[in-house]
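Accompanying notes for the structure given below.
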Amino acid sequence: EAGVTQSPTHLIKTRGQQATLRCSPISGHTSVYWYQQALGLGLQFLLWYDEGEERNRGNFPPRFSGRQFPNYSSELNVNALELEDSALYLCASSLARNTIYFGEGSWLTVV
Amino acid sequence: GENVEQHPSTLSVQEGDSAVIKCTYSDSASNYFPWYKQELGKGPQLIIDIRSNVGEKKDQRIAVTLNKTAKHFSLHITETQPEDSAVYFCAASPNTNAGKSTFGDGTTLTVKP
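Structure below.
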């Protein structure tokens, strides 16, 4: 069974640009979570999508947004990129808010 | 909100020795406590979890203990091997949503051959 898949693996953007990251959950999972992991730091909860709706968001500015598609895949958009947005962005999925499973992450570098 | 503290931040052991990582949490409503292993350049992988109705859980060389009264839980790795070297994260969450876990800051475990 395929795990959580994320794309792209690496992304380099210039300050002020927009970045879009994508995530495909484990088949059958309806919830998708996004986390930010800055270099050397822990995981910070960003967003939670369930059944196509945004259910909760962490303490991040509105320029971090996303959506969940009917097939439960999701994308994370980061607008007006700042240097401190450089981080590993992790997607995770779960079934019925139970145990979560992480993808390998997307490295975003803002220069 | 929930606050999770994890200690130590770094841990170095000799191959074959045991390693113990401890976490404390603040929210008495938390009742799901997973542990994740993150290897360099990869996403976190769930290695073991425990729910509040259980005091201890073991899976081969890995065990987790939970003391709900004291609000702390620990990861124990016995007979450590070099491939156990990684960053380990603890987390705490309400049973209603494991995805809304609050994570500790991580422990970098190095197992020296």
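Chains as they are written, first to last, in this note's numbering: chain D, 1 to 111; chain A, 1001 to 1113. All residues carry an ideal CB built from backbone N, CA and C; glycine is no exception.
Going along chain D, which residues have a C-beta under 8 Å from residue i?
{"i": "Pro1044 (chain A)", "result": "Leu43, Leu90 and Phe102"}
Should residue i be labelled buried (16 or more other beta-carbon atoms within 10 Å of its own) or exposed?
{"i": "Val4 (chain D)", "result": "buried"}
{"i": "Ile12 (chain D)", "result": "exposed"}
{"i": "Asn1053 (chain A)", "result": "exposed"}
{"i": "Pro1044 (chain A)", "result": "buried"}
{"i": "Ala87 (chain D)", "result": "buried"}
Mind pulling the chain D residues with CB within less than 9 Å of residue i?
{"i": "Asp1027 (chain A)", "result": "Under the 9 Å cutoff, chain D gives no residues; its nearest Cβ is about 14 Å from Asp1027 (chain A)."}
{"i": "Phe1089 (chain A)", "result": "Gly42 and Leu43"}
Would you mind telling me which residues of chain A sit closer than 7 Å to residue i, beta carbon to beta carbon, in chain order?
{"i": "Tyr33 (chain D)", "result": "Gly1099"}
{"i": "Gly105 (chain D)", "result": "Gly1043"}
Let me check understanding here. Comparing Cα to Cα, which of the options lies closest to residue i?
{"i": "Ser65 (chain D)", "options": "D:Thr20, D:Arg15, D:Thr9 and D:Thr14", "result": "D:Thr20"}
{"i": "Pro1094 (chain A)", "options": "A:Asp1027, A:Asp1105 and A:Val1020", "result": "A:Asp1027"}
{"i": "Glu51 (chain D)", "options": "D:Ser74, D:Ala2, D:Phe60 and D:Ala38", "result": "D:Ser74"}
{"i": "Trp34 (chain D)", "options": "D:Glu84, D:Asn77 and D:Ala2", "result": "D:Asn77"}
{"i": "Arg55 (chain D)", "options": "D:Ser31, D:Arg15 and D:Gln18", "result": "D:Ser31"}
{"i": "Leu1023 (chain A)", "options": "A:Ile1050, A:Val1013 and A:His1007", "result": "Residue 1023 (chain A) is actually Cys in this sequence, not Leu. Closest by alpha carbon: A:His1007."}
{"i": "Thr1065 (chain A)", "options": "A:Ser1085, A:Glu1079 and A:Cys1090", "result": "A:Cys1090"}
{"i": "Ile1019 (chain A)", "options": "A:Arg1061, A:Lys1057, A:Tyr1032 and A:Lys1100", "result": "The residue you asked about is not Ile; residue 1019 (chain A) is Ala in the sequence shown. Of the listed residues, the one whose Cα sits closest to Ala1019 (chain A) is A:Arg1061."}
{"i": "Ala80 (chain D)", "options": "D:Gly16, D:Pro8 and D:His10", "result": "D:Gly16"}
Any beta-carbon of chain D closer than 9 Å to the one on residue i?
{"i": "Asp1049 (chain A)", "result": "yes"}
{"i": "Pro1034 (chain A)", "result": "yes"}
Does any residue of chain A bring its CB to less than 9 Å from the CB of residue i?
{"i": "Gly52 (chain D)", "result": "no"}
{"i": "Val110 (chain D)", "result": "no"}
{"i": "Arg99 (chain D)", "result": "Before going further, note that residue 99 (chain D) is Thr rather than Arg in the sequence given. Chain A, which has a Cβ nearer than 9 Å to the Cβ of Thr99 (chain D), makes this yes."}
{"i": "Val4 (chain D)", "result": "yes"}
ask   = What are the residues of the segment 1094-1112 of chain A that lie near chain D, defined by any Cβ-Cβ distance shorter than 7 Å?
value = Listed in chain order, the positions of the segment 1094-1112 of chain A with a beta carbon within less than 7 Å of a beta carbon of chain D are Thr1096, Asn1097, Ala1098, Gly1099, Lys1100, Phe1103, Gly1104, Asp1105 and Gly1106.
ask   = Which of the residues in the segment 53-65 of chain D, read from start to end, lie with their CB under 7 Å from any CB of chain A?
value = Answer set for the segment 53-65 of chain D: Asn56.
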